[in-house]
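**Q**
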Amino acid sequence: MSETYWVRIAKDNLVFSAGHFITFGGGTCERVHGHNYRVEAEIFGPLDENHYVVDFIAARDALAQIVGELDHRMLLPTEHPQIRVVADGKEVTATFEDRRWIFPECECVLLPVPNTTTELLARYVGRRLLDLLEERTGARPQHIRIAIDENYGQWGVCELRGE
Numbered sequence: 183m184s185e186t187y188w189v190r191i192a193k194d195n196l197v198f199s200a201g202h203f204i205t206f207g208g209g210t211c212e213r214v215h216g217h218n219y220r221v222e223a224e225i226f227g228p229l230d231e232n233h234y235v236v237d238f239i240a241a242r243d244a245l246a247q248i249v250g251e252l253d254h255r256m257l258l259p260t261e262h263p264q265i266r267v268v269a270d271g272k273e274v275t276a277t278f279e280d281r282r283w284i285f286p287e288c289e290c291v292l293l294p295v296p297n298t299t300t301e302l303l304a305r306y307v308g309r310r311l312l313d314l315l316e317e318r319t320g321a322r323p324q325h326i327r328i329a330i331d332e333n334y335g336q337w338g339v340c341e342l343r344g345e
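Basically our numbering = 1-based index in the sequence shown + 182.
#1: With three or more C-beta pairs closer than 8 Å as the rule, is the stretch 328-335 touching the stretch 253-265?
#2: If we ignore side chains and look at the alpha-carbon of each, how far apart do Ile239 and Asn218 end up?
#3: Let me know the secondary structure DSSP gives Arg266 once reduced to three states.
#4: Under DSSP, the beta strand (DSSP E) around Gly216 begins and ends at which residues?
#5: Where Leu342 and Tyr187 are concerned, what is the direct C-alpha to C-alpha distance, given to the nearest angstrom?
#6: Using DSSP with H/G/I as helix, E/B as strand and the rest coil, what is Thr319?
#7: State yes or no: is the C-beta of Glu251 within less than 8 Å of the C-beta of Ala329?
#8: So the candidates are Val214, Pro259, Arg282 and Val291; which of them puts its Cα closest to the Cα of Gly271?
#9: Bridge partners of Val348, per DSSP?
#10: Which word fits Asn297, buried or exposed, when buried means at least 16 other C-beta atoms lie within 10 angstroms of its C-beta?
#11: To the nearest angstrom, report how far apart Leu315 and Phe206 are at their CA atoms.
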C-alpha cells in the first residue's frame, strides 16, 4: 500500500480584497469591480527527516506575505493581448480599445498573467508560494494546489507539478 502526504492551509487571515476586470467572450471587457478573495493551499510531498511535508509556519507566513502584497490593490494583467498596461513610476495606465483607466502605481499589482481570472490568480499565488518556500526552507515542493474563492463558493483552482 502506498502512502501520500500533504498539508492544507486555510486560515481565516488568508484573505485579500482587490479590484480587477477581465475580458471574455470575444473581446467583452467587464467593468472594474472587486472581490474579497480567500486563499487555500495544499502542499504535497514525502515526509522529511522531521516527519512532515513542509514547515506549517513557513508555508503560512509565505502565504500571508503573498496575500498582503495583493490586499487592497488593483490587479492588472501584463500579458493580455488587448489590454495595455504602462507604469511610469507614478501612475499606471491601462487601456482596452477606447477605454482607459489611470491608477496610482503604489495601489496596483502588475501581474504576469493574460487575464486576472481567479484561476490565473491561483497560478500566480502558487508560483510565488513555491519561490518563497524555496527561499525560506531550501526546498521547493514538487506538487501544490492553490484554491482561491472570489465569491463565497466560486473557486478557481490551480495545481502545479514539477515547477
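Note that CB positions come from ideal geometry on N, CA and C, so glycine has one too.
**A** Reading from the atomic positions:
#1: no
#2: Numbered from its first residue, the sequence shown carries residue 239 at position 57. Numbered from its first residue, the sequence shown carries residue 218 at position 36. Using only the alpha carbons, I get a separation of about 24 Å.
#3: Here the question's residue 266 lines up with position 84 in the sequence shown. Arg266 falls in the strand class under three-state DSSP.
#4: Residue numbering aside, residue 216 sits at position 34 when the sequence shown is read from its first letter. Looking at the DSSP string, the run of the beta strand (DSSP E) that includes Gly216 is His215 to Phe226.
#5: What you label residue 342 is simply residue 160 of the sequence shown in a count that begins at 1. What you label residue 187 is simply residue 5 of the sequence shown in a count that begins at 1. One C-alpha to the other measures close to 16 Å.
#6: Within the sequence shown, numbered from 1, the residue matching residue 319 stands at position 137. Correct three-state label for Thr319: helix.
#7: The residue given as residue 251 occupies position 69 in the sequence shown. The residue given as residue 329 occupies position 147 in the sequence shown. Not a contact, by the Cβ cut-off of 8 Å.
#8: The residue labelled residue 271 in the question sits at position 89 within the sequence shown. Looking at the Cα atoms, Val291 is the closest of the given residues.
#9: Since the first and last residues shown for the chain are 183 and 345, residue 348 lies out of range.
#10: As a first step, residue 297 must be located in the sequence shown, where it is residue number 115. Asn297 should be labelled buried.
#11: Taking the sequence shown and counting its residues from 1, the one referred to as residue 315 is at position 133. Taking the sequence shown and counting its residues from 1, the one referred to as residue 206 is at position 24. So the two alpha carbons sit approximately 34 Å from each other.
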